[in-house]
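If you're matching positions, the sequence shown starts at 78 in the working numbering and goes up one per residue.
All remarks here apply to the structure that follows.
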Amino acid sequence: MNTNSRWGVVIGGGNGIGAACCKVMAQRGWQVAVIDLDLKAAEAVAKEVGGVAYSLDISDLEAVEQLAEKIEREHGRPTGMVVAAAAFQDKYAPDEFPMDLWRRIIKVNIEGSFNANRVFASRMARSGGGSIVNVASIVAHAASPQHAYGPTKAAVANMTRNFAAQYGKSGVRVNSVSPGAVLVDRVKARAPGRYATDIDAQMALGRRIQPVEIAEGIEFLLSDRASAITGVDLMIDAGWAVANSWHIYGGVPGPMAEGNAPPQGVDPSLE
């Protein structure tokens with residue numbers, strides 16, 4: 078039984094933002110259950126952070142319920158949850174979008190997120206409270222060629238507000254983050270050379286985001302430092318949203334001094 082009050086689960090913790098969350102949370106004193114469809118990936122992260130690993134298809138409600146029961150029985154009821162699991166897509170025109178893929182993205186990202194929030198929020202509510210952070214996206218806030226992924230992330234942001242209102246008086250806080258262009262392997266593979274430079278130019282900070290920078294925001298929202306914050310979608314986008322209109326006028330101003338690296342204290346080993 079885990080007696081640490083900072084006991085959290087990270088769904089989608091085997092890679093990318095989810096893995097960075099596990100590492101940051103462990104650094105901040107959380108005990109972590111690393112949950113992923115890919116058990117080997119989850120086990121690798123769990124070994125690194127001293128946590129436990131489980132496999133889960135988040136789109137299967139019965140599987141989510143069974144895993145929540147198993148985790149509670151073996152380690153105690155979690156007080157924190159991150160939902161970072163998602164299905165992604167390449168760029169398709171609507172009339173060319175493979176419908177099997179479209180349905181899979183809808184099922185994982187909307188139904189899966191609902192499953193996790195439904196199961197874990199209700200359990201937290203019955204035991205005195207907790208905190209949940211869902212991972213949405215900047216494409217929830219603007220038009221994009223992400224004709225399945227974008228709408229699902231808008232749904233996640235709305236779902237977050239609904240759960241925040243539903244369970245607030247039971248001591249459960251529910252927030253979301255909307256990451257911008259994050260330097261995970263999937264994005265790096267799609268953004269070589271000139272394209273990557275163009276992306277950086279669209280950010281007020283002039284660069285893309287490290288996974289650990291998203292994880293720091295998530296851990297803050299999970300923690301008691303955010304005890305009065307619920308129902309919020311925190312954009313962690315390197316200033317993409319605020320810089321959007323500047324491109325009509327030739328782009329955001331360049332640096333007044335050399336260099337615009339991630340702030341000191343960002344541990345590259347957490348990327």
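Each residue gets a CB set at the ideal place from its N, CA and C atoms; glycine is no exception.
Between which two residues does the alpha helix (DSSP H) harbouring residue i extend?
i	result
Trp179	176-183
Leu116	116-126
Ile295	288-299
Gly93	93-104
Met236	226-244
Ser253	Element bounds for Ser253: not the alpha helix (DSSP H) but the beta strand (DSSP E), 249-256.
Trp317	317-320
Ala130	Where Ala130 is concerned, there is no enclosing alpha helix (DSSP H), although the beta strand (DSSP E) it sits in stretches over 129-132.
Val329	It is not in any alpha helix (DSSP H) - Val329 carries neither H nor E in the DSSP assignment.
When you compare the CB of residue i with every CB in chain D, is at least one pair closer than 8 Å?
i	result
Ala292	The chain labelled as chain D is not found in the depicted structure, where only one protein chain is given.
Answer yes or no: do residue i and residue j have a C-beta to C-beta separation smaller than 8 Å?
i	j	result
Gly85	Gly157	yes
Gly91	Ala110	no
Val122	Ala96	yes
Val159	Ile313	no
Val185	Ala213	no
Asn194	Val251	yes
Ala103	Gly127	yes
Pro256	Ile291	yes
Val249	Ala198	yes
Gly316	Thr237	no
Val210	Leu299	yes
Ser204	Arg154	yes
Ser253	Asp310	yes
Ala305	His218	no
Arg200	Ala130	no
Ala320	Met280	yes
So, for residue i: in the same chain, excluding its five sequence neighbours on each side, which residues have a beta-carbon less than 8 Å away from its beta-carbon?
i	result
Leu260	Arg285, Ile286, Gln287, Pro288, Glu348
Ser82	Thr156
Phe297	Ala303
Lys168	Pro222, Gln223
Ile88	Gly95, Ile112, Asp113, Leu133, Ile135, Met158, Val159, Val160, Ala161, Ala162, Ala193
Val101	Val289, Ala292, Glu293, Ile295, Glu296, Leu347
Pro330	none
Pro351	The chain is shown from 78 up to 348; residue 351 falls before or after that span and cannot be answered.
With a CB to CB cut of under 7 Å and the five nearest residues on each side skipped, what residues in its chain are close to residue i?
i	result
Ala278	Gly328
Ser247	Ala202, Gly206
Ile183	Ala225, Thr229
Arg181	Ala164
Gln243	none
Residues in its own chain within less than 6 Å of residue i by CB, not counting five upstream and five downstream?
i	result
Ser132	Leu116
Trp107	Arg83, Gly85
Asp344	Unreliable positioning characterises Asp344 in this predicted model, as indicated by a pLDDT of 49, which lies under 50. The coordinate reading is nonetheless provided below. For Asp344, where only same-chain residues beyond five positions count, there are no Cβ hits under 6 Å.
In the DSSP assignment, the beta strand (DSSP E) including residue i goes from what residue to what residue?
i	result
Trp107	No beta strand (DSSP E) contains Trp107, which DSSP labels as neither H nor E.
Ile88	84-88
Leu311	310-313
Val159	157-160
I'd like the ranges of any beta strand (DSSP E) spanning at least 3 consecutive residues and lying wholly in the stretch 199-228. 207-212
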